[in-house]
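Chemist: In my numbering, the protein residues as written are 0 to 239. Quick reminder that beta carbons are idealized off the backbone N, C-alpha and C, glycines included. This structure is a prediction, so every number in the text was calculated from the model and none was measured.
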Ligand code: PGA
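Okay, structure coming up:
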């Protein structure tokens, strides 16, 4: 596991975008694993600028997102589909048909999750997965627990995550209580993983990433078992 400690959020965003751009340049039909949340927004802005400047093209890129609330409609401005369209897809030359998110309205969520893993596998697997991290150490919606789930699955959100995400909703009551999320194995299937973290609220979770321990009470620590993970964080998140 490699750490890149940056001076500020802008530096994190630039570094992450450079790494993603290198993957796209090396493999124009690559598969990106994308994340929502406030942390990757700066990275997406950098990628949009690179695309507009003609440095990279998304014309043959495919994407799969980590998770989606459940239930939620794609038109809901809090859905992750809406977020991705607003913060990335509407501003780059990607073919919308090549952008994939779990269906927050799926009648049969289990079947939806199984089909999602199959589709990623059939597409050849994720070349680079972008991750944020919860202040409780969650990655995607794999929340701290005694046991973690390997494949993509439906899950409940912890009180801490509902609280953290309530800043985007009018009230905590309106935060969906469930989500469909890639599981640990689905994330680990990515050939390369970058995890972005900024701010002191992430320092506790990152501290455990710096230790030698692996524990399901901090799902991000399992990333120590993957052979190509880069943590890009600022000094506050790093605990300096
Ligand atoms: P954030 O969320 O980027 O908004 O801090 C990250 C996460 O909860 O995974």
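Any heavy atom of the ligand GDP within a distance shorter than 7 Å of the CB on residue 38?
Modeler: Questions concerning the ligand GDP fall outside what the structure shown contains, since the ligands it does hold are the ligand PGA.
Chemist: Check the Cβ-Cβ distances between residue 22 and every residue of chain B, and say whether any is below 8 Å.
Modeler: Absent from the structure is chain B; it holds one protein chain and no more.
Chemist: Assuming residue 31 and residue 62 are in contact, meaning their beta carbons sit under 8 Å apart, how far apart are those beta carbons, in whole angstroms?
Modeler: Within the chain shown, the letter at position 32 stands for residue 31. Within the chain shown, the letter at position 63 stands for residue 62. Contact holds; Cβ gap of about 5 Å.
Chemist: Locate the beta strand (DSSP E) running through residue 180, then write down its first and last residues.
Modeler: Within the chain shown, numbered from 1, the residue matching residue 180 stands at position 181. It spans 177-180 - the beta strand (DSSP E) in which residue 180 sits, taken as one unbroken run.
Chemist: May I ask whether a heavy atom of the ligand PGA can be found less than 7 Å away from the beta carbon of residue 163?
Modeler: As a working mapping, residue 163 is identified with position 164 in the chain shown. Residue 163 Cβ: within cutoff of the ligand PGA.
Chemist: Between the Cα of residue 240 and those of 133, 29 and 151, spot the shortest distance and give me the residue it belongs to.
Modeler: Nothing about residue 240 can be read from this structure; the chain reaches only from 0 to 239.
Chemist: Is it buried or exposed, residue 51, if we count other Cβ atoms within 10 angstroms and call 16 or more buried?
Modeler: Numbered from its first residue, the chain shown carries residue 51 at position 52. Exposed.
Chemist: Thinking residue 66 and residue 140 are a contact (beta carbons under 8 Å), I'd like their distance in whole angstroms, please.
Modeler: Within the chain shown, the letter at position 67 stands for residue 66. Within the chain shown, the letter at position 141 stands for residue 140. Sure, about 5 Å apart at Cβ, within 8 Å.
Chemist: Indicate, with yes or no, if the ligand PGA has a heavy atom lying under 7 Å from the CB of residue 133.
Modeler: Here residue 133 corresponds to residue number 134 of the chain shown, with the count starting at 1. Checking the Cβ of residue 133 against the ligand PGA gives yes.
Chemist: With distances taken from CA atoms, which of 12, 125 and 85 is nearest residue 187?
Modeler: Counted from its first residue, the chain shown places residue 187 at position 188. Checked all of 12, 125 and 85; the closest Cα to residue 187 is 125.
Chemist: For residue 8, which option in 239, 233, 238 and 237 has the closest C-alpha, if you only look at C-alpha atoms?
Modeler: In the chain shown, residue 8 corresponds to position 9, counting from 1. Residue 233 is the option with its Cα nearest to residue 8.
Chemist: Does the stretch 195-204 touch the stretch 101-116, meaning 3 or more C-beta pairs lie closer than 8 Å?
Modeler: No, they do not touch.
Chemist: Counting only runs of 3+ residues fully inside the stretch 54-127, write out the beta strand (DSSP E) ranges in chain order.
Modeler: As far as the stretch 54-127 is concerned, its whole beta strand (DSSP E) runs of at least 3 residues are 61-64 and 66-69.
Chemist: For residue 24 versus residue 55, is the C-beta distance shorter than 8 Å?
Modeler: Taking the chain shown and counting its residues from 1, the one referred to as residue 24 is at position 25. Taking the chain shown and counting its residues from 1, the one referred to as residue 55 is at position 56. Yes. Within cutoff.
Chemist: Identify whether residue 174 lies in helix, strand or coil by the three-state DSSP scheme.
Modeler: Taking the first residue of the chain shown as 1, we reach residue 174 at position 175. Note: residue 174 maps to coil in three-state DSSP.
Chemist: Is residue 104 closer than 8 Å to residue 70 when the C-beta atoms are compared?
Modeler: Counting from one through the chain shown, the residue named residue 70 turns up at place 71. Counting from one through the chain shown, the residue named residue 104 turns up at place 105. For residue 70 and residue 104, yes; Cβs fall inside 8 Å.
Chemist: Since residue 229 is in the beta strand (DSSP E), which residue starts that stretch and which ends it?
Modeler: Position 230 of the chain shown holds residue 229. Per DSSP, residue 229 belongs to the beta strand (DSSP E) from 228-233.
Chemist: Tell me the rounded alpha-carbon separation between residue 58 and residue 43.
Modeler: Your numbering for residue 58 matches position 59 in the chain shown. Your numbering for residue 43 matches position 44 in the chain shown. Rounded to the nearest angstrom, the two C-alpha atoms are 16 Å apart.
Chemist: Closest to residue 221 by CA distance: which of 26, 237, 110 and 208 is it?
Modeler: If you number the chain shown from 1, residue 221 lands on position 222. Of the candidates 26, 237, 110 and 208, the one whose C-alpha sits nearest the C-alpha of residue 221 is 208.
Chemist: Per the DSSP calculation, residue 195 is bridged to which residue(s)?
Modeler: Mapped onto the chain shown, residue 195 falls at position 196. According to DSSP, which records beta bridges pairwise, residue 195 is partnered with 231.
Chemist: Could you check if residue 96 is buried or exposed, using at least 16 other CB atoms within 10 Å of its CB as the buried criterion?
Modeler: Along the chain shown, read from residue 1 onward, the residue named residue 96 stands at position 97. So residue 96 counts as exposed.
Chemist: My understanding is that residue 192 touches residue 225, with C-beta atoms under 8 Å, so please give their C-beta distance in whole angstroms.
Modeler: As a working note, residue 192 is residue 193 in the chain shown. As a working note, residue 225 is residue 226 in the chain shown. Indeed they touch by this definition, with Cβ atoms about 6 Å apart.
Chemist: Any chance the CB of residue 177 is under 7 Å from a heavy atom of the ligand PGA?
Modeler: Locating residue 177 in the chain shown gives position 178, where the first residue counts as 1. Every heavy atom of the ligand PGA is 7 Å or more from the Cβ of residue 177, so no.
Chemist: Look at the Cβ atom of residue 28, then the Cβ atom of residue 60, and state whether they are nearer than 8 Å.
Modeler: In the chain shown, residue 28 corresponds to position 29, counting from 1. In the chain shown, residue 60 corresponds to position 61, counting from 1. Against a cut-off of 8 Å, the Cβ pair of residue 60 and residue 28 comes out as a contact.
Chemist: Do residue 143 and residue 152 have their beta-carbon atoms positioned less than 8 Å apart in this structure?
Modeler: Position 153 of the chain shown, counting from 1, holds the residue named residue 152. Position 144 of the chain shown, counting from 1, holds the residue named residue 143. No, they are not a contact pair.
Chemist: By Cβ distance below 6 Å, which residues in the same chain neighbour residue 35 in space, the five residues on each side in sequence not counted?
Modeler: The count along the chain shown starts at 1 and reaches residue 35 at position 36. Counting only Cβ-Cβ distances below 6 Å, and skipping sequence neighbours, we find 79 and 82.
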